[in-house]
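In this text, residue positions in the sequence shown follow my numbering: the first is 2, and each later residue adds one. Even glycine gets a Cβ: it sits at the ideal position worked out from N, Cα and C.
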Amino acid sequence: MTALPPFDRARFAIPDLPDADALLPYLRRIDENRWYSNFGPLVQEFEARFSAAMAAAHRAARARPFVTMASGYYALSLGLRLLSVGPKSRVLVPAVTFPACPLAPQNLGAEAVLADVDPESWTLTPAIARAVIARHKIDAVMPVCVYGFPLDAQAWDSFEKETGVPVLIDAAAAIEVQRYPARGIVAHSLHALKPFGIGEGGVLALPNEALARRARQATNFGMKDRRTFAGGENAKMSEYHAAVALAQMDRWETVKRRRKDVLDLYLAALAPLGAAARAHPMLAQTIPSAMMIRLEGRKGQATAKALCARGVAAHRLYLPPLYDHPHFARLRRIDARGKAAGRLDGAESMNASVIGLPFHPFMAEEDVQKTVDALASLL
Ligand SMILES: Cc1ncc(COP(=O)(O)O)c(C=O)c1O
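Right, here's the structure in full:
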């Protein structure tokens, strides 16, 4: 048993990955196989185990194909390729999310268009996307499980069916809690800070084997039988990352329980603060990787700063909105009614009031209480 790292107020998150002892049996298999990349036996075993685990968790009638990737970013990029996104395409992404979301279409030569987020769910909803496509040409939509909050898979499936606009769900942190729509493609991140962390990695959930074959090919330079048939990348997961992924699969139940336990401690500690500092209701439905709260009265930015000054690693994950990043400042922005806009109301409201508290599975009750006490003293 590895010693747990002490609570470190300077770190807003500490990854929970398998230790060297847990990796060793898988590393020995790599030594025996002398196979290090290109769809090796460990990658294949991980994809099969992951697929079975998700089907069991979702009580799904059939296990769906998963293709491993070198990162969550590649899962988004290759997912968009499968939806025929390229130069002249426009992809709708929420204005509050990680930069990977607009970069994935941009790096394919497409235009990323920023949509406002719904003030309740903190993200792009099918209603907002419908309002946007009624007035603007949009070739694909990328809804995002912001902070790991799962989306309504059926609602996005209906959106795709009724509008004909394809959907790629970015469920970076929402592994297991995000259901898979019948049609759409779903991307997950296995970055160290995500609940199913392996260091760097990603997976793409595909609705059928034919698309999974194309995705796999796209991770390997678009090649089949040594000839390139379609655009691609080198986005393959190596056997070493698959070794970590298999070891993480072995301890997934423990990983989830530890995160849920710390979340419960936080929810209990925050309860007396009432509306002054409220956790998002969807947080309870996640396997948390970030402890996001909304503060009353637009006190977010000042409170985060004051907490940091007291040595509490408060943060503003996914904030400010993307249009305040220099590289994205000129992107087209569209409000919740589908109208071209400047600053977006939903995104601005989040920017004013949402902050993250330090969160990791090694926090004890005392650490959580100290953090919440520091917050309470500022409100
Ligand atoms: C919402 C979201 N999408 C995509 C990514 C990119 O994933 P990765 O870091 O695995 O490339 C992240 C990473 O933090 C993310 O938070």
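With a threshold of 16 other CB atoms inside 10 Å of the CB of residue i, please say whether the residue is buried or exposed.
i	result
Tyr27	buried
Leu205	buried
His249	The residue you asked about is not His; residue 249 is Gln in the sequence shown. With 16 or more other Cβ atoms within 10 Å, it is buried.
Lys237	buried
Pro103	buried
Tyr37	exposed
Phe230	exposed
Arg35	exposed
Gly110	exposed
Leu115	buried
Asp20	exposed
Asp226	exposed
Asp346	exposed
Pro66	buried
His316	buried
Gly232	exposed
Ala71	buried
Thr126	buried
Ala291	buried
With a threshold of 7 Å (Cβ to nearest heavy atom), would residue i be considered close to ligand 1?
i	result
Thr98	yes
His281	no
Ser122	no
Tyr74	yes
Ala173	yes
Cys309	no
His192	yes
Gly185	no
Ala101	yes
Val145	yes
Gly80	no
Leu77	yes
Gly203	yes
Inspect the beta-carbon positions of residue i and residue j and report whether they are closer than 8 Å.
i	j	result
Leu1	Ala377	The displayed coordinates of the chain run from 2 to 380. Any statement about residue 1 would go beyond what the structure contains.
Arg91	Ile139	yes
Glu366	Leu268	no
Ile199	His242	yes
Ala101	Gly73	yes
Leu207	Ala246	no
Leu169	Ala188	yes
Pro294	Ala278	Sequence inspection shows Ile at residue 294; the Pro mentioned does not correspond to that position. Yes, Cβ-Cβ distance for Ile294 and Ala278 is below 8 Å.
Asp1	Leu93	Only positions 2 to 380 of the chain appear in the structure, and residue 1 is not among them; the question remains open.
Tyr181	Ala154	yes
Asn39	Asn235	no
Thr124	Pro144	yes
Thr69	Val44	yes
Arg338	Ala132	yes
Ile356	Ala305	yes
Ala23	Asp325	no
Under 7 Å Cβ to Cβ from residue i, same chain only, skipping five residues before and after it: list those, please.
i	result
Met2	Legend: pLDDT at Met2 = 39, less than 50; position of this residue unreliable, no value from coordinates given.
Ala270	Val369, Gln370, Val373
Ala64	Ser52, Ala53, Ala56
Note down, in chain order, each residue of its chain lying with its Cβ closer than 8 Å to the Cβ of residue i, except the 5 sequence neighbours on either side.
i	result
Pro289	Gly149, Pro196, Arg260, Lys261, Val263, Leu264, Phe360
Ala307	Leu379
Val166	Ala130, Ile134, Ile139, Asp140, Ala141, Val142, Phe160
Ala193	Pro16, Leu18, Ile199, Gly200, Glu201
Gln107	Ala113
Ala244	Leu24, Tyr27, Leu28, Arg30, Ile31, Leu43
Tyr75	Gly203, Thr220, Glu234, Ala236
Gln286	Phe150, Pro151, Val178
Trp253	Ala54, Phe197
Beta-carbon within less than 6 Å of residue i's beta-carbon, same chain only, minus the 5 sequence neighbours each way: which residues are those?
i	result
Val97	Val118, Tyr319, Pro322, Ala348, Met351
Ala342	Arg334, Asp336
Arg311	Ala375
Gly41	Glu240
Thr88	The sequence shown places Pro at residue 88, not Thr. Closer than 6 Å at the Cβ level, and outside the excluded window around Pro88, lie Gly110.
Leu5	The predicted position of Leu5 is uncertain, since its pLDDT is 49 and thus under 50; no value can be drawn from it.
Ala58	Glu177
Arg136	Gly339
Pro47	The sequence given here has Phe at residue 47, not Pro. Around Phe47: Ala243, Ala246, Leu247.
Ala276	Glu297
For ligand 2, I want to know if residue i counts as a neighbour, meaning its beta carbon is within less than 7 Å of at least one of the ligand's heavy atoms.
i	result
Val355	Within the structure as shown, ligand 2 is missing, the only ligands being ligand 1.
TODO: Pair every Cβ in the region 71-90 with every Cβ in the region 297-311, then say whether three or more of these pairs are closer than 8 Å.
DONE: no
Open item on the list: Under 8 Å: do the region 174-192 and the region 49-68 share three or more Cβ pairs, one atom per stretch?
Closed with: yes
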